[in-house]
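In this note's numbering, the protein residues as written are 811 to 961.
Below is one structure; the comments refer to it alone.
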């Protein structure tokens, strides 16, 4: 997990079936979903959910590397709506798959992204093309793993 967690948004949920822990964490400039293995303390998988700074206000990647933090998604990979100012002022929830091996993060009843452990991948609603921040949104994959809910 990043060392410099923001105090503004930090939520977690443990799945009773799989024993996995999901963590929603705002770090400098972005919001991330992490999925830990049963009994694990370090993320096994991660999913970028949103940038918290306007795309033209982001520090350079060197800034994030120096702090050992994940950087916000770069503008060439994201769609409109990727910026979420003051994430702690929104209603967040976790949605688990039936087997507890996949978890989605919802903000104000809209899916922002999900992790599918058995595929070792994550999908973010505001990613336009597969990139270091995750895979482009797949409604088909989401529907396979979760009961259909709002986007």
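Ideal Cβ positions, reconstructed from N, Cα and C, are used throughout, including at glycine.
In this text the structure is predicted, and so the values were computed from the model without any measurement.
Is residue 858 helix, strand or coil by DSSP? Start at 1 with the first residue of the chain shown, and residue 858 comes out as number 48. DSSP places residue 858 in strand when its eight states are reduced to three.
Using a Cβ distance threshold of 8 Å, determine whether the segment 895-904 contacts the segment 832-846, with at least three qualifying pairs required. yes
In three-state terms, what does DSSP make of residue 842? Your numbering for residue 842 matches position 32 in the chain shown. Of the three classes helix, strand and coil, the one that applies to residue 842 here is strand, per DSSP.
I need the DSSP call for residue 915, collapsed to helix, strand or coil. In the chain shown, the residue the question calls residue 915 occupies position 105. Strand, per DSSP.
Buried or exposed (CB count within 10 angstroms, at least 16 for buried), residue 909: Counting from 1 along the chain shown, the entry for residue 909 is found at position 99. When all chains shown are included, residue 909 counts as exposed.
Endpoints, the alpha helix (DSSP H) within which residue 874 is located: For the purposes of this step, residue 874 is taken as residue 64 along the chain shown, with counting starting at 1. That run of the alpha helix (DSSP H) goes 871-877.
With a CB to CB cut of under 6 Å and the five nearest residues on each side skipped, what residues in its chain are close to residue 865? Mapped onto the chain shown, residue 865 falls at position 55. If we look at residue 865 and ignore the five residues flanking it on each side, its Cβ neighbours are 885.
Return the CA-CA distance between residue 834 and residue 873, expressed in angstroms with no decimal places. Stepping through the chain shown from its first residue, residue 834 is reached at position 24. Stepping through the chain shown from its first residue, residue 873 is reached at position 63. Their Cα atoms are separated by approximately 22 Å.
Beta strand (DSSP E) containing residue 955: first to last residue? Position 145 of the chain shown, counted from the start, is the residue given in the question as residue 955. Here residue 955 belongs to no beta strand (DSSP E); instead the alpha helix (DSSP H) covers 949-955.
Going by the CB atoms, is the gap between residue 855 and residue 943 shorter than 8 Å? Along the chain shown, read from residue 1 onward, the residue named residue 943 stands at position 133. Along the chain shown, read from residue 1 onward, the residue named residue 855 stands at position 45. Not a contact, by the Cβ cut-off of 8 Å.
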